[in-house]
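J.: Under UniProt numbering, the first residue of the sequence shown carries the number 1, and numbering increases by one thereafter.
The beta-carbon is built from N, C-alpha and C at its ideal position, and this holds for glycine as well.
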Amino acid sequence: MRTAMADSDRFVVQLDYVDSKGKRTRRTVSPIRFGAADRFLGLCLCREEPRQFHLSRCSNFQLLDADDVIMPVEMVELD
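1. Reducing DSSP to helix, strand and coil, say where R39 ends up.
2. To which residues of the same chain is T5 closer than 6 Å at the C-beta, ignoring the five residues directly before and after it?
3. With a threshold of 16 other CB atoms inside 10 Å of the CB of G35, please say whether the residue is buried or exposed.
4. In this structure, does DSSP put S30 in helix, strand or coil?
5. Just mark T28 as buried or exposed, buried being the case when its beta carbon has 16 or more other beta carbons within 10 Å.
6. Do D79 and R26 have their C-beta atoms within less than 8 Å of each other?
7. Using three-state DSSP, classify D67 as helix, strand or coil.
Here it is, written out as structure tokens:
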């Protein structure tokens, strides 16, 4: 996460996320900054807009080369 924040031109993060309704999705995010102790702000490349993400709802982080990602990225439902 910190690597992608520090070098957003080179890296993005793919992660699994559970929203407040319990829906599980796989998203690609360009993290911008940490907010509250349990959240971060990131540009969701699936929705093409900034979003707040709860760290406790994130899993399976993967660092991706930003050159391999073209917006919009498909949001994959996991359930």
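T.: On the basis of the supplied data:
1. strand
2. The residue you asked about is not Thr; residue 5 is Met in the sequence shown. So the list reads P31, once near-sequence residues are dropped.
3. exposed
4. strand
5. buried
6. no
7. helix
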